[in-house]
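K.L.:
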Amino acid sequence: MTVRVFETPDAPESFLQQAHELCLRAFDGDFDPEDWEHALGGRHFVVVDDGRVVSHASVAERTIWVGDVPYRTGYVEAVATDPESQGLGHGTDVVSLTGYWIRETYDLGCLGTGEHHFYERLGWERWRGPSAVRYPDGTLVPTPDDDDSIMVLATTAPVDLTARIACEPRSGDDW
219 MTVRVFETPD APESFLQQAH ELCLRAFDGD FDPEDWEHAL GGRHFVVVDD GRVVSHASVA
279 ERTIWVGDVP YRTGYVEAVA TDPESQGLGH GTDVVSLTGY WIRETYDLGC LGTGEHHFYE
339 RLGWERWRGP SAVRYPDGTL VPTPDDDDSI MVLATTAPVD LTARIACEPR SGDDW
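Shown next as structure tokens:
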């Protein structure tokens, strides 16, 4: 069992293909092409067992606004562990590594999830304020369906977890 870390352009093609297939299996098909696109362009963290990717997470850079303050953010995407390898600590390994990377590199960490407990035990906090999408002209469109799914990892300074949080729009799910 080894952990590999690489940027998307440096990724072995077979690892990216395996990671994508892993996400499809782990999310039981509820993983759109846009979800995979969101995972590309940043840093990948994978656990490899006998040449096979069994766990994956990636961090892509985004701008997230807390109130009106923009933060350079490491956004965690495509966290998945092969169903046959779950419960062995591989997901914890890759998410812990994303946390270290985010703390060293970004002003803030952010992700969207329904698995709060998993991330809370690794230092992530639930966002308690309202969420929105912020368009280039400054227009804010509330995203109340996402309010309970956003978690953050503060790195440079404490942030007000009850303030409005906003992301830029993107294809597929904004958050």
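Last residue of the sequence shown? That's 393 in my numbering, and every number before it is there in order.
Note that beta-carbon positions come from the ideal geometry of N, C-alpha and C, so glycine has one too.
Since the structure is predicted, the reported quantities are computational estimates derived from the model, not experimental observations.
(1) At 4 residues or longer, what runs of the alpha helix (DSSP H) sit wholly inside the region 267-310?
(2) Measure the C-alpha to C-alpha separation of E302 and V277 and round it to an integer number of angstroms.
(3) Can you tell which of V377, G332, A372 has the C-alpha that lies nearest to the C-alpha of W393?
(4) List, from N- to C-terminal side, the alpha helix (DSSP H) runs of 4 residues or more that fit wholly inside the region 312-392.
(5) Please confirm if the region 373-385 is in contact with the region 333-341, defined as three or more CB-CB distances below 8 Å between the two stretches.
(6) How many Å lie between G306 and A375 at the Cα?
(7) Take every Cβ of the region 353-361, pair it with every Cβ of the region 258-276, and state whether three or more of those distances are shorter than 8 Å.
(8) Would you mind stating whether V365 and P354 have Cβ atoms separated by less than 8 Å?
(9) Between G269, T220, A298, S232, which has its C-alpha nearest D476's C-alpha?
(10) In terms of residues, what are the limits of the beta strand (DSSP E) holding F224?
(11) Given Y337, which residues of its chain have a CB within under 8 Å of its CB, disregarding the five upstream and five downstream residues?
(12) Can you tell which of V264, T291, V351 has the C-alpha that lies nearest to the C-alpha of D363?
(13) According to DSSP, simplified to helix, strand and coil, what is F263?
P.N.:
Quick answer:
(1) If we require 4 residues or more, the region 267-310 turns out to have no alpha helix (DSSP H) run fully inside it.
(2) The residue given as residue 302 occupies position 84 in the sequence shown. The residue given as residue 277 occupies position 59 in the sequence shown. Computed Cα separation, rounded: 24 Å.
(3) Counting from one through the sequence shown, the residue named residue 393 turns up at place 175. It is G332 whose Cα lies nearest to the Cα of W393.
(4) Complete alpha helix (DSSP H) runs here, min 4: 334-338.
(5) Taking one beta carbon from each stretch, the region 373-385 and the region 333-341 have fewer than 3 pairs nearer than 8 Å; the two do not touch.
(6) Numbered from its first residue, the sequence shown carries residue 306 at position 88. Numbered from its first residue, the sequence shown carries residue 375 at position 157. Position check: residue 306 holds Leu in this sequence, whereas Gly was assumed. L306 and A375: Cα-Cα distance of roughly 33 Å.
(7) Verdict: no, contact absent.
(8) Within the sequence shown, the letter at position 147 stands for residue 365. Within the sequence shown, the letter at position 136 stands for residue 354. It should be noted that the sequence gives Asp, not Val, for residue 365. In this structure, P354 does not lie closer than 8 Å to D365 by Cβ.
(9) Missing from the structure shown is residue 476; the chain here goes from 219 to 393 and no further.
(10) If you number the sequence shown from 1, residue 224 lands on position 6. Taken as a continuous stretch (DSSP letters only), the beta strand (DSSP E) holding F224 covers 220-225.
(11) Here residue 337 is taken as the residue at index 119 of the sequence shown, counted from 1. Here the set comprises V313, L329, T331, M369.
(12) For the purposes of this step, residue 363 is taken as the residue at position 145 of the sequence shown. Among V264, T291, V351, the Cα nearest to that of D363 belongs to V351.
(13) Taking the sequence shown and counting its residues from 1, the one referred to as residue 263 is at position 45. In this structure, F263 counts as strand in the three-state DSSP scheme.
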